[in-house]
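J.: This is the structure I want to talk about, given as structure tokens.
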Amino acid sequence: MSRSARRIPTVNLSHYRSGTPDERARFVQVFGDALKEFGFVTVEGHGVDDALIRRTYTDVERFFQLPESTKTRYAVPERPGQRGFMAFGQEHAKNRKVGDMKEFWHVGRELPAGHPYLEDYGANVWPEEVPTFRTNTLTLYRELDDAATVMLQALADYLGIARNTFSDMTVDGNSVLRLIHYPPLKDRFIPGGVRAAEHEDINFITLLCEGTSGGLELLTRDGEWIPVDTLRGQIVVDSGDMLSRVMNGVIPSTTHRVVNPPSTEQDTVRYSMPFFVHPYSDCVLKPLPQTETPDNPARHPPITADAFLKQRLRELGFLK
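320 is the number that UniProt numbering gives to position 320 of the sequence shown; each next residue is one higher, with no gaps.
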């Protein structure tokens with residue numbers, strides 16, 4: 001296969017949930033191998049309702065069409081980059097100063113009063129101008145959270161460790177659903193900017209519902225940028241920095257980006273909805289014992305998920 005023809009593998013999560021032993025084993029092998037080689041894998045049969053995704057995209061579009069003065073009312077300055085609205089160009093990739101050409105909204109986990117993580121995570125805010133926004137985004141959050149739990153269990157099976165090793169780390173985790181609006185470049189442009197500069201995700205794994213247009217690319221282990229295109233009904237999954245730390249680099253975090261439209265004809269609005277799966281705040285990120293060998297000693301000292309998140313938020317320009 002030529003380099004230009006390379007594509008990430010596609011698997012069907014229903015084969016792991018309810019397939020035959022052979023189907024289950026094939027899913028585990030292909031899923032794990034894909035994350036190891038590409039850091040990305042395409043998942044079908046994930047159980048997330050297609051109609052719910054459509055409804056949520058409709059709500060997202062309605063919100064981002066509101067006047068700037070209305071949208072900024074929902075910024076949460078005490079939790080920048082964690083809840084509510086973030087304005088165009090405010091986020092930049094690590095080691096860059098130019099902001100990404102996007103604006104977005106974060107929905108976090110809903111926790112009951114008195115929960116020990118409530119003060120740490122913060123409460124969600126909701127746009128009153130889009131009445132169905134809360135119901136649709138929280139339902140999508142729960143369905144993506146459920147699918148992620150199953151995928152993390154499959155990953156543990158791939159590694160031959162206790163099935164709940166990773167999924168237990170994400171119980172009541174600080175996961176966020178990000179709702180992103182990339183305006184056409186002809187409408188809003190930052191000199192030297194791109195829609196999303198090359199970066200690695202902070203978290204364990206990311207589940208990305210298909211975007212409304214293309215542009216996502218990943219950097220392969222041998223330095224080639226390849227497109228990541230998804231069809232309706234597919235979710236792209238990628239591995240992040242927190243998983244890489246726990247895996248001691250055995251499954252690395254993969255660099256990816258969203259490139260600018262290549263022509264004026266393709267300069268259209270783009271929406272996407274990544275779900276960033278995070279551990280709970282005081283989960284200690286340290287290499288699993290079986291990943292440490294004489295040839296691969298521990299690459300990083302232990303750190304809590306909350307401390308690591310805050311470190312990265314500072315690098316992205318959210319925290320001082």
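Note that beta-carbon positions come from the ideal geometry of N, C-alpha and C, so glycine has one too.
#1: Does the pairing of the stretch 61 to 78 with the stretch 38 to 50 give three or more beta-carbon distances under 8 Å?
#2: Three Cβ pairs or more, each shorter than 8 Å: is that satisfied between the stretch 257 to 276 and the stretch 166 to 182?
#3: Take the Cβ of D100 as the centre, count every other Cβ of all protein chains shown within 10 Å, and call the residue buried at 16 or more, exposed below.
#4: Looking only at its chain, what residues have a beta carbon closer than 8 Å to the beta carbon of M1, apart from the 5 residues adjacent to it on each side?
#5: Give me the residue from S14, D172 and P289 with the minimum Cα distance to R109.
#6: N174 by DSSP, collapsed to three states: which one?
#7: Look up I53 in the DSSP assignment and say whether it is helix, strand or coil.
#8: Could you check how far apart the C-beta atoms of E315 and K102 are, in whole angstroms? I think they sit under 8 Å.
#9: Suppose you measure from the CA of P9 to the CA of G114; what does that come to, to the nearest Å?
#10: Does the beta-carbon distance from I226 to L207 come in below 8 Å?
#11: Give me the Cβ distance between G240 and N296, rounded to the nearest whole Å; I'm assuming they're in contact under 8 Å.
#12: Could you pull out every residue in the same chain whose Cβ sits closer than 8 Å to the Cβ of A34, ignoring the five residues on either side in sequence?
#13: Distance, Cα to Cα, A298 vs S244?
#14: DSSP on L243, reduced to helix/strand/coil?
#15: Reducing DSSP to helix, strand and coil, say where S272 ends up.
#16: Look at V258 and A196 and say whether their C-beta atoms are less than 8 Å apart.
#17: Taking only heavy atoms of the ligand MN into account, decide whether any of them is closer than 7 Å to the Cβ of V269.
#18: Within 10 Å of its beta-carbon, does V107 have 16 or more other beta-carbons around it, so buried, or fewer, so exposed?
#19: What residue ranges within the stretch 62 to 139 form continuous alpha helix (DSSP H) runs of no fewer than 4 residues, ordered along the chain?
#20: Pull up the distance between the alpha-carbon of H15 and that of I190, whole angstroms please.
#21: Could you tell me the boundaries of the beta strand (DSSP E) in which R257 lies?
#22: State the start and end residues of the unbroken alpha helix (DSSP H) segment that holds A305.
#23: Which residues in the same chain as S4 place their Cβ atom closer than 6 Å to its Cβ, once the five residues preceding and following it in sequence are excluded?
#24: Assess contact between the stretch 205 to 224 and the stretch 141 to 149, defined as three or more Cβ pairs (one per stretch) separated by less than 8 Å. Is contact present?
#25: Between which two residues does the alpha helix (DSSP H) harbouring T165 extend?
#26: What did DSSP end up calling A197 once you bin it into helix, strand or coil?
#27: Using the Cβ count rule (16 or more neighbours within 10 Å means buried), how would you classify T71?
#28: May I ask you to verify whether the stretch 121 to 130 touches the stretch 56 to 63, counting CB pairs closer than 8 Å and requiring at least 3?
#29: Can you name the residues that DSSP bridges to N296?
#30: Please classify L319: does DSSP put it in a helix, a strand, or coil?
#31: By the three-class DSSP mapping on this structure, what secondary structure does Y182 have?
#32: Within a Cβ cutoff of 8 Å, which residues of the same chain sit near K186, ignoring the five residues on either side of it in sequence?
#33: Nearest by alpha-carbon distance to F38: which of L285, S281 and L218 is it?
T.: Let's see:
#1: no
#2: yes
#3: buried
#4: Here M1 scores only 37 on pLDDT, less than 50, and its place in the model should not be relied on; the value that follows carries that caveat. Closer than 8 Å at the Cβ level, and outside the excluded window around M1, lies no residue.
#5: D172
#6: coil
#7: helix
#8: With 8 Å as the limit, E315 and K102 do not qualify as a contact, their Cβ atoms being about 18 Å apart.
#9: 43 Å
#10: no
#11: Actually they are not in contact, since the Cβ atoms of G240 and N296 sit about 19 Å apart, beyond 8 Å.
#12: I8, P9, V11, F40 and V41
#13: 11 Å
#14: helix
#15: strand
#16: yes
#17: As for the ligand MN, it is missing from this structure, which has no ligand bound.
#18: buried
#19: 68 to 71 and 118 to 121
#20: 45 Å
#21: H256 to V258
#22: A305 to E315
#23: At S4, the pLDDT of 45 sits below 50, so the modelled position is not reliable; the number obtained from the coordinates is stated separately. Nothing listed; no residue qualifies.
#24: yes
#25: T165 to M169
#26: strand
#27: What sits at residue 71 in the sequence shown is Lys, not Thr. Classification of K71: buried, given that the 10 Å Cβ count is 16 or more.
#28: yes
#29: T293
#30: coil
#31: strand
#32: T264 and D267
#33: L218
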